[in-house]
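Undergrad:
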Amino acid sequence: MLDRDKKSNCPDDYTYNRKTNLCVKISADILNFNAAKSKCESLENGGLVTIRNQNQHDFIVQELTKMSNPPEPFYIDGTDEAEEGKFIGKDGKEITYLYWDSISQMDIPHEALNFLSLNPTEDYKYEDVDGTSAYRYICEVVSK
Ligand SMILES: [Ca+2]
Numbered sequence: 006m007l008d009r010d011k012k013s014n015c016p017d018d019y020t021y022n023r024k025t026n027l028c029v030k031i032s033a034d035i036l037n038f039n040a041a042k043s044k045c046e047s048l049e050n051g052g053l054v055t056i057r058n059q060n061q062h063d064f065i066v067q068e069l070t071k072m073s074n075p076p077e078p079f080y081i082d083g084t085d086e087a088e089e090g091k092f093i094g095k096d097g098k099e100i101t102y103l104y105w106d107s108i109s110q111m112d113i114p115h116e117a118l119n120f121l122s123l124n125p126t127e128d129y130k131y132e133d134v135d136g137t138s139a140y141r142y143i144c145e146v147v148s149k
């Protein structure tokens with residue numbers, strides 16, 4: 006497959022990164038998790054961004070640090086609603102790359118915290134949140 010084909014379905018207002026093959030857009034608005042998910046999914050092949058490895062996380066952090074952001078999390082793809090501690094991506098596969106911040110998954114109960122976000126106060130490491138708060142979010146369009 007040619008590179009130009011890989012990004013052929015990346016919308017103009019999204020940013021394409023060849024190295025990670027991610028096509029993403031950081032939202033300007035704030036929504037709760039389900040509304041953010043729906044908004045991202047309103048585009049064909051769209052959804053909250055699924056981060057599967059360090060390279061992809063690095064690219065997202067690089068994009069986030071280009072902006073001036075409020076000290077609030079950004080929603081990304083992944084939920085452990087079905088089985089505590091097992092985060093599942095929008096493709097139905099388990100997310101094994103989980104770079105937790107210093108407070109998440111530690112000493113407080115996390116049963117009710119089922120959604121992944123990036124925590125700007127800790128270099129955009131992962132924080133599990135309950136999904137009810139309106140935050141900014143990161144959409145992707147998956148390559149065809
Ligand atoms: Ca949980």
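Using the working numbering, you'd call the opening residue of the sequence shown number 6 and step up by one each time.
Ideal Cβ positions, reconstructed from N, Cα and C, are used throughout, including at glycine.
Is His1 near ligand 1, going by C-beta to nearest heavy atom under 8 Å?
TA: What the structure shows of the chain is the stretch from 6 to 149, and residue 1 is not part of that stretch, so it cannot be assessed.
Undergrad: How many Å lie between Thr126 and Asn50 at the Cα?
TA: Cα to Cα, Thr126 sits roughly 31 Å from Asn50.
Undergrad: If you draw a straight line from the alpha carbon of Arg9 to that of Glu46, how long is it in whole angstroms?
TA: At Arg9 the pLDDT is 49, less than 50, meaning the model places this residue with poor confidence; the figure from the coordinates comes in the next sentence. Straight-line Cα distance between these residues: approximately 23 Å.
Undergrad: Considering only the alpha carbon of each residue, which of Cys15, Tyr129, Cys144 lies closest to Phe74?
TA: Note on identity: in this sequence residue 74 is Asn, with Phe being the wrong assignment. Taking only the C-alpha atoms, the option nearest Asn74 is Tyr129.
Undergrad: Tell me the rounded alpha-carbon separation between Arg23 and Thr55.
TA: The straight-line gap from Cα to Cα measures roughly 16 Å.
Undergrad: Counting along the chain, where does the beta strand (DSSP E) carrying Thr84 start and finish?
TA: Element bounds for Thr84: 79-84.
Undergrad: Mind the definition here: the stretch 85-96 touches the stretch 12-21 only if three or more C-beta pairs lie below 8 Å; say whether that holds.
TA: Cβ pair count under 8 Å is below three, so no.
Undergrad: Compare the C-beta of Glu86 with all C-beta atoms of chain C and state if any pair is closer than 9 Å.
TA: Protein chains in the displayed structure number just one, and chain C is not present.
Undergrad: Am I right that Ala139 and Leu36 are in contact with their C-beta atoms under 8 Å? What's the rounded C-beta distance?
TA: Indeed, because the Cβ distance is near 5 Å, the residues count as touching under 8 Å.
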